[in-house]
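Colleague: Under UniProt numbering, the first residue of the sequence shown is numbered 1, with each subsequent residue one higher. Built from N, CA and C at the ideal position, the CB exists for glycine as well.
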Amino acid sequence: MELKKILAELAKERPVFSSEADFQHALAWHIHTYDPHAKIRLEYRPKMTSTSSLTYDADFGTL
């Protein structure tokens with residue numbers, strides 16, 4: 001696979017990306033069109049969950 005060629009073609013089509021994920025997706029798709037049998041995996045980020053806790057310190061009377 002000619003990665004330099006793929007990157008050069010992608011740069012001509014899309015010189016600017018909105019995020020790293022946008023670039024990764026565009027590059028993966030470009031590689032896929034160049035070689036449909038290529039094994040490509042993109043990073044997966046699960047949704048962030050938030051946990052909150054509140055602690056009261058009786059000795060200091062603060063949170």
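#1: Secondary structure at Ala-38, three-state DSSP: helix, strand or coil?
#2: Tell me which residue opens and which closes the alpha helix (DSSP H) that Lys-12 is part of.
#3: Near His-25, which residues of its chain fall below 8 Å by C-beta distance, leaving aside the five closest residues on each side in sequence?
#4: Taking only three categories from DSSP, how would you classify Glu-20?
#5: Leaving out five residues on either side along the sequence, give the residues of the same chain with a beta carbon under 7 Å from the beta carbon of His-32.
Modeller: Checking against the coordinates, here is how it stands:
#1: coil
#2: 3-13
#3: Leu-42
#4: helix
#5: Ala-38, Ile-40
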